[in-house]
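One structure below.
2 protein chains.
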Amino acid sequence: MPTSALKLQTTDRVRGIAAALEEEIVLGWLLPRERLVEEELAERLAVKRHVVREALAELERVGLVERVPNRGAFVKLLEPLEVRQIYSVREALETLAAAQVPLPVASAVLVRLHAVQKQHAAAVEAGDARAAFRANMAFHEALFDACGNPHLVELIQAMAQKVHGARSITAASPAHLKLARDEHAAMVAALEAGDRERLVGLCRQHLLPSRDAYIAAVEARFARPSGGVVAAPRP
Amino acid sequence: MPTSALKLQTTDRVRGIAAALEEEIVLGWLLPRERLVEEELAERLAVKRHVVREALAELERVGLVERVPNRGAFVKLLEPLEVRQIYSVREALETLAAAQVPLPVASAVLVRLHAVQKQHAAAVEAGDARAAFRANMAFHEALFDACGNPHLVELIQAMAQKVHGARSITAASPAHLKLARDEHAAMVAALEAGDRERLVGLCRQHLLPSRDAYIAAVEARFARPSGGVVAAPRP
DNA sequence: TTCAACAGAATTGTTGACAATCATGGCGGC
DNA sequence: GCCGCCATGATTGTCAACAATTCTGTTGAA
Chain A
2 MPTSALKLQT TDRVRGIAAA LEEEIVLGWL LPRERLVEEE LAERLAVKRH VVREALAELE
62 RVGLVERVPN RGAFVKLLEP LEVRQIYSVR EALETLAAAQ VPLPVASAVL VRLHAVQKQH
122 AAAVEAGDAR AAFRANMAFH EALFDACGNP HLVELIQAMA QKVHGARSIT AASPAHLKLA
182 RDEHAAMVAA LEAGDRERLV GLCRQHLLPS RDAYIAAVEA RFARPSGGVV AAPRP
Chain B
2 MPTSALKLQT TDRVRGIAAA LEEEIVLGWL LPRERLVEEE LAERLAVKRH VVREALAELE
62 RVGLVERVPN RGAFVKLLEP LEVRQIYSVR EALETLAAAQ VPLPVASAVL VRLHAVQKQH
122 AAAVEAGDAR AAFRANMAFH EALFDACGNP HLVELIQAMA QKVHGARSIT AASPAHLKLA
182 RDEHAAMVAA LEAGDRERLV GLCRQHLLPS RDAYIAAVEA RFARPSGGVV AAPRP
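If you read the protein sequences in the order shown, they are chains A and B. According to our numbering, the first sequence is numbered sequentially starting from 2. According to our numbering, the second sequence is numbered sequentially starting from 2.
This is how it looks when you write it as structure tokens:
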């Protein structure tokens, strides 16, 4: 605050805090159903409480946290059904975007994709989950940006954000990260070859592993004790 | 506060204020580029400033207003290109939803649609733009709800909300309202008949009038003085 | 006249304190 | 021993005053 080096605008600060919390959720540092106490977060992140408050409101709107009046905010736990519904929409949106990319694709897009993919591969190799997550986001943004409709891209990102709470299972798994890396490479190749059909198929396929891993994990670990046993498939 | 009858929760109050502002924008009572002063709104809507502040933040996230740090909030003016892009996405989403509605449709859906449509028709007949707007929203929600994927419905609503600032042209026009009413009737009929193809076509068609009316209006009235006439709506 | 600097007003951003609300745990009655 | 009730503590919600910023109109000199 006092240092003149970084005097961020208030809105940017809120965004920054929201992004930081989002990362902590994605990386599994904050788990589903975990309570998010305003004052504690304010102290830990070195901002005032009302900034945390606004950030939580933003994350609530995005769908990453739940807030109940007078009781606070929690990391949202997605039900398997919800995850399936969201991934269904994601599939529709992402294949739509892939189908709209003008081919042959602009060379600038390919350059950027290669660069980002290199970063992603390096992060995966180094086992740096946070860097891999960021590079992964950047990759998909660069890829879908090529469709030419920023509002469609925004929707795709919003839906991806919704399941970020479900990503903590795959975001830290080397196997999943390596698979994603290889699939990214295949996508770029398809794009480069102008093979739209393959690109669309790859986008569709790319969504499945994280979805299924999450559903399996949530059914094994986060099931409510309503049935008695820890792992209750359905109430 | 004193009366126990209406003790709204804070979150609900923010939502309520945001919704009220949204309606004022849709109905053309607040025009694009118009300034939204926090204190003035707080007094007019009988809430404290920080509530207005949060509501404005929410409307900014939705895309209905723009906020620049230390300078305040304005009703967002959508560029024609943006409107085209948004409507393009809306078309994809709404036809997707229509294509997913299980046929024959549940009778409860039809009952609800008929009821809402009756309200809408009454509002149109009475020339009550606000009631028509609300009934219109309810109609589309009820219609797309039938697709069975609440997350898709949410996206459809979010995209509709984005162009609410563009709706002030058609929301007050009796001709447009009557056309919408008739198209709604046709949609219900198609749904009732189980004619999916016609339903999808009607959904697609239903989007065009408001889009084109807005683009025409914005090009005629709100053009920046860079090349065109200056139309300052308020002194 | 035009430009720049400057004071004053209007508006937004920030802060800490206070009030309201909900969970927790102890206490007495049954 | 079990249940309901009230005191207590933790946390969120509300508020008004203060600080910082931007805008506006005016003044003075080139």
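A virtual CB, placed ideally from N, CA and C, is assigned to each residue, including glycine.
query: Within the segment 42 to 122 of chain A, ranges of the alpha helix (DSSP H) (whole runs, at least 4 residues); result: 50 to 63, 81 to 101
query: Beta-carbon spacing of residue 23/A, residue 60/A below 8 Å; result: yes
query: For residue 37/A, the residue or residues it bridges with in DSSP; result: 74/A
query: Cβ of residue 12/A within 8 Å of any chain B Cβ; result: yes
query: Chain B within 8 Å of residue 86/A, Cβ atoms only; result: yes
query: Contact check, residue 104/B vs residue 93/A, beta carbons under 8 Å; result: no
query: When 210/B, 150/B, 38/B are compared against residue 177/B, the one with the closest alpha-carbon; result: 210/B
query: Straight-line Cα distance separating residue 204/A from residue 217/A; result: 21 Å
query: C-beta neighbour in chain A for residue 55/B, strict 8 Å; result: yes
query: Buried/exposed call for residue 50/B, threshold 16 Cβ in 10 Å; result: exposed
query: DSSP state of residue 217/A mapped onto helix, strand, coil; result: helix
query: CB contact below 8 Å: residue 22/A versus chain B; result: no
query: For residue 73/A, the nearest candidate out of 202/A, 28/A, 39/A, 184/A (CA to CA); result: 39/A
query: Simplified DSSP state of residue 137/A, which is helix, strand or coil; result: helix
query: Beta carbon proximity, residue 31/A to chain B, threshold 8 Å; result: no
query: Sub-8 Å separation of residue 78/B and residue 33/B beta-carbons; result: yes
query: Proximity of residue 134/B and residue 28/B at Cβ, strictly below 8 Å; result: yes
query: Partner residues on chain A for residue 150/B, Cβ-Cβ distance less than 8 Å; result: 86, 89, 90
query: Chain-ordered residues of the segment 74 to 85 of chain A with a beta carbon less than 7 Å from chain B; result: none
query: Chain B residues whose Cβ lies nearer than 7 Å to that of residue 97/A; result: 93
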